[in-house]
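Quick note on this note's numbering: the sequence shown kicks off at 407 and runs consecutively.
Ideal placement from N, C-alpha and C gives every residue a C-beta, glycine not left out.
Note sheet for the following structure.
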Amino acid sequence: MNTPAVSTALSGLVSDEPDWESKSYSGLMDNDGSMELMLAEGDSDEQDQRSVTKMIPGEGKQGKALPFVKQWSYSMHRIPTTREATRLTLRAKAKIQEDLHFRGYRALDCRRKCGLASLFAAFLFCLAGTAVMWCTSLFQDLVTGTMVISNSSNTWDWWRAPPVTPLLMVYIFNYTNADSFGRDGSKLRVQEVGPFTYEETTEKVNVQFYPNSTLSYQENKTYTFRPDLSPYPEDAKVFVPNIPFMSALATAREESWVKRVGINTMLRLMDSKPLLHIPTRDLLFGYEDSLFNMAKFTKTIPYTKFGLMVPKVGVSDHVITMHTGADDMNRLGQIVNFNGETSQGAWRTDECNRIEGSDGSQFPPPQVSPTARLFVYNRDMCRRLPLVFDRYTEAQGMPAYRFHLPPNVFDNPGKNPDNECFCHHDDPEQCLPSGVFNSSACNFDAPLIMSFPHFLHGDPALRNNVIGLNPDPEKHDMFVDIHRTLGLTIGGTSRLQLNVQVRQAAGVLGATMTHFKDLSILPVAWFELKVTDFPSPLKTLLYHATFTVHILELLLMYGFLAGGIASAAVLCRRLFLRERGTLDLSTDSPDSDSA
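Right, here's the structure in full:
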C-alpha cells in the first residue's frame, strides 16, 4: 500500500461543513495545528494502524474534520483502516471531480452571463446612437440651437453689434449734358461716377425681449468715408435728377387744375430745375431744400434734410420685431412685424403685404437648402424679395450656398403673374415695364423706382431714355452666400439702383419739361453693399462650427454603426457558438493509491 497517498487523499477532504467544524479535537492536535488520526481499539492490523496514524495538516486550533471519514466514523464508530481509506479515497476523488466541474461551470456560467449582458447593453447603446445619428436631426439641432438669439448666449455681443463692417459703395450717374440738354435735341447722357466707398457699422439698440420668443430693436448705423477706396473726394459735384422737384410734379399731376396752377407758380418763384448740380456728400447725407420743407407741411416726414442716405443714418425710426428661434428654429431671424404692423397695407393682396422675412444677416438653418425659397424684407420697397438657389460656392474659407434674386423679380405682371399684386392697374399695359419696381407707396409718394443697376434684366426700352448704360451680370447682379449649417450670411453683394420717374403735369412748367419724356425713368445712383472678411475670432468660431463639428458628427455616425455591428457579431457568436470551459480530472494523481 502507498500510505502517503492515503494521507494525501484524506488531507484533501477537509470539509467546510459547519456542524463538523463545531466538534473539538483539541486533544488530537499538535502544536503546529496537525491532527493525528488514531485507530480504534480492537483493530488487530498494527501495520494499518502505523500507516494510517499520520499527521495530517489541519487548520486552526481545532482542525477541520474529513467529510467521508466523518460519515464513515458516524456509521462504524471508528477510524477506517488503510484498505477502507483507499476505498474512501476513490469515492472522494469522484466527489472532488464532480464538485470541481460544478464550481467551474457555475463560475464560467456567471462570467458568461455577465459578458452577454455587457455585450447586449453595448449593442443597445450603439443601436440607439446609430438611430439618432442616421435617422434624426438631433445632432444638427444641438448645433444650430447655439444660434438662438439670447442675451445670455456666447454670440449675443456679435448679434447686437456685428464685428463685420461691410463696405457700401455708391455709384452716381452724372448727367454730362445737363446744360445743353433740350437745345440740341440729343438724349440725356450719363457717366457713372464712383465708387464713393463707406464703411458701414451697425448696432442694435433698445432691444426688448417678449414672452412669445420675439424681440424688438432699432438699428443705429454710421458710415465712415474711405478715401483710400474712393477715386473721387466727397465734395465732387455731379448733375443728377432733382428728386424733390420731380415729386412736386408727380403730386401736381393728381391734383385739380386750380392746385396745379398754384404749384406751377411756386416752382417758378423758387426757380427749381429738373436737374440739380450738387456735391456728392450733400446728395447722400442731406441738404436743405425748399420744396422738401414745404412737403413736410402736408406729409409726415421725420427728416430735416433731404438726402439719399438720410433715412439710414443714425438711430432708425423704425422698430423691427423678429423671432429669436427659442421655440421654433424654423422662424429664427424672421421679422414678424414692422413698427407694430404685420401687414404693409400698400398692395392688393395679403400675400404681397406680408412682412415676414429675414433682415438678410441670417436665415432659419432648417430652411436653408438648395430647394429652398428664402425671403428678405426690404424696407425701401415695402416688400419681400425672394431668393433662389444659384450654385454651391465658398465664402470666408467655408462651403456655402449662393442664392440670388431671380431675374424676373421686377417683371411686368404680363410676364410674371406673381407681381400682379404690386401694380394698382388691372391692365398690365398700364403697369411699369419689366425690370423696375414702383416704391412710391413707402417713400411718401415720391416717384422713386427701384431696379437692378443699369436696368439689368429690364426691358430694353428703359435704356433708350439715356445714353451711357451698360448692364453686366458680373458687375450688377445681386447674390448672397449663406452658411450651409448655421444659416448665417458669410458673403455676398447687394446691388440696387434708385431711379426717379418723370410724371408731367398739364400746365406745370411746360416749357421746362418739354424735352423730358413723360413717364420716362431716369437713373440717379446705385448702391453696392459688399460683405468683407470676417475678423479672426469670428472666423475661428465658424471654422470649428463647420469642420470640427462635421468631423465629430462623422465619427459618431460611423463609430456607433461600427460598434453596433461588432457588438452584434460577438453577441451572436456567444449565443450560437458557445465555448465551454472544462476541467480534466480523469488522469490519476501521482500519489493515487493502487490496490
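Measure how close the beta-carbons of residue i and residue j come, nearest whole angstrom, since I'm counting them as under 8 Å.
{"i": "LEU603", "j": "SER636", "result": "A small fix is needed here, since residue 603 is Thr in this sequence, not Leu. Contact holds; Cβ gap of about 5 Å."}
{"i": "THR914", "j": "LEU928", "result": "Per the sequence shown, the amino acid found at residue 914 is Val instead of Thr. So it is not a contact: roughly 18 Å between Cβ atoms."}
{"i": "PHE769", "j": "GLY893", "result": "4 Å"}
{"i": "LEU594", "j": "VAL646", "result": "With 8 Å as the limit, LEU594 and VAL646 do not qualify as a contact, their Cβ atoms being about 11 Å apart."}
{"i": "PRO650", "j": "PHE587", "result": "Not confirmed; about 19 Å, so no contact."}
{"i": "VAL908", "j": "MET652", "result": "7 Å"}
{"i": "PHE933", "j": "LEU574", "result": "7 Å"}
{"i": "GLN910", "j": "ASP924", "result": "5 Å"}
{"i": "LEU977", "j": "LEU533", "result": "About 11 Å; that fails the 8 Å criterion."}
{"i": "VAL644", "j": "VAL611", "result": "No, VAL644 and VAL611 are not in contact; Cβ-Cβ is about 34 Å, not under 8 Å."}
{"i": "LYS936", "j": "PRO572", "result": "6 Å"}
Could you give the DSSP three-state label for residue i: helix, strand or coil?
{"i": "ASP695", "result": "coil"}
{"i": "SER397", "result": "Outside the shown range of the chain, which is 407 to 1001, sits residue 397, and nothing can be said about it."}
{"i": "TRP753", "result": "coil"}
{"i": "GLU826", "result": "helix"}
{"i": "ILE957", "result": "helix"}
{"i": "LYS593", "result": "coil"}
{"i": "GLU640", "result": "coil"}
{"i": "ALA528", "result": "helix"}
{"i": "GLU660", "result": "coil"}
{"i": "PHE651", "result": "helix"}
{"i": "PRO771", "result": "helix"}
{"i": "LEU795", "result": "It is worth fixing the name first, because residue 795 is Phe in this sequence and not Leu. It is a strand residue."}
{"i": "ASN626", "result": "strand"}
{"i": "LEU981", "result": "helix"}
{"i": "SER973", "result": "helix"}
{"i": "LYS936", "result": "strand"}
{"i": "PHE858", "result": "coil"}
{"i": "ILE669", "result": "helix"}
{"i": "ASN844", "result": "strand"}
{"i": "ASN736", "result": "helix"}
{"i": "ARG890", "result": "coil"}
{"i": "PHE545", "result": "helix"}
{"i": "ALA701", "result": "helix"}
{"i": "ARG789", "result": "strand"}
{"i": "GLY439", "result": "Summary for GLY439: the model assigns pLDDT 37, below 50, so the residue's position carries little reliability, and this model does not support an answer."}
{"i": "MET728", "result": "strand"}
{"i": "PRO805", "result": "strand"}
{"i": "ASP454", "result": "Confidence at ASP454 is low in this model, with a pLDDT of 43, below 50, so its placement is unreliable and the value that follows should be read with caution. ASP454: helix per DSSP, three-state reduction."}
{"i": "PHE816", "result": "coil"}
{"i": "MET575", "result": "strand"}
{"i": "SER900", "result": "strand"}
{"i": "ASN612", "result": "strand"}
So is residue i buried or exposed if we call it buried at 16+ other beta carbons inside 10 Å?
{"i": "LEU1029", "result": "The question about residue 1029 has no answer, for the chain in this structure spans 407 to 1001."}
{"i": "PRO633", "result": "exposed"}
{"i": "TYR616", "result": "exposed"}
{"i": "ARG779", "result": "exposed"}
{"i": "VAL886", "result": "buried"}
{"i": "THR727", "result": "buried"}
{"i": "CYS516", "result": "exposed"}
{"i": "GLY713", "result": "buried"}
{"i": "ASN618", "result": "exposed"}
{"i": "ASN670", "result": "buried"}
{"i": "ILE957", "result": "exposed"}
{"i": "TRP663", "result": "exposed"}
{"i": "LEU655", "result": "buried"}
{"i": "PHE953", "result": "exposed"}
Out of the options, state which residue places its alpha-carbon closest to the alpha-carbon of residue i.
{"i": "TYR964", "options": "SER524, CYS520, MET539, THR492", "result": "MET539"}
{"i": "ARG589", "options": "LEU977, THR920, LEU925, THR952", "result": "THR920"}
{"i": "LEU793", "options": "ASN557, LYS665, THR899", "result": "THR899"}
{"i": "PRO639", "options": "ASP924, TYR629, LEU935, ARG687", "result": "ARG687"}
{"i": "PHE631", "options": "GLN624, PRO601, TYR709", "result": "PRO601"}
{"i": "LEU722", "options": "TYR709, THR730, MET728, HIS729", "result": "According to the sequence provided, residue 722 is Ser. The question's Leu does not apply to it. Considering only alpha carbons, the answer is TYR709."}
{"i": "ALA867", "options": "GLY820, GLY916, SER926, PRO859", "result": "SER926"}
{"i": "PRO680", "options": "LEU958, GLY916, CYS541", "result": "GLY916"}
{"i": "THR895", "options": "THR542, SER556, VAL842, PRO568", "result": "PRO568"}
{"i": "HIS863", "options": "ASN871, GLY841, GLN614", "result": "GLY841"}
{"i": "TYR577", "options": "ARG797, CYS541, PHE858", "result": "PHE858"}
*Decide if the segment 742-754 is in contact with the segment 964-981; the criterion is three or more beta carbon pairs, one per stretch, under 8 Å apart.*
Note that the segment 742-754 does not touch the segment 964-981; fewer than 3 beta-carbon pairs, one per stretch, sit closer than 8 Å.
*Indicate whether the contact test is met: 3 or more Cβ pairs, each with one atom in the segment 776-783 and one in the segment 758-765, closer than 8 Å.*
Flag = yes, the segment 776-783 and the segment 758-765 touch.
_Stretch pair the segment 867-884 + the segment 827-835: three plus CB contacts closer than 8 Å_ = The segment 867-884, when compared against the segment 827-835, does not touch it at the 8 Å Cβ threshold.
*Touching or not, the segment 725-739 and the segment 535-553, by the rule of three or more beta carbon pairs under 8 Å?*
Enough Cβ pairs lie closer than 8 Å, so yes.
*Are the segment 726-735 and the segment 847-860 touching, with three or more C-beta to C-beta distances below 8 Å?*
They do not touch, by the three-pair rule.
_Contact between the segment 810-826 and the segment 569-586 is defined here as three or more beta-carbon pairs at a separation below 8 Å; is this criterion met?_
Counting C-beta pairs closer than 8 Å gives fewer than three between the segment 810-826 and the segment 569-586, which falls short of the contact rule.
*asked:* I want to know whether the segment 791-805 touches the segment 940-955 - three or more CB-CB distances under 8 Å.
replied: The segment 791-805 vs the segment 940-955: in contact.
*Determine, using beta-carbon pairs with one atom in the segment 717-732 and one in the segment 811-830, whether at least three such pairs fall under 8 Å.*
The segment 717-732 is not in contact with the segment 811-830.
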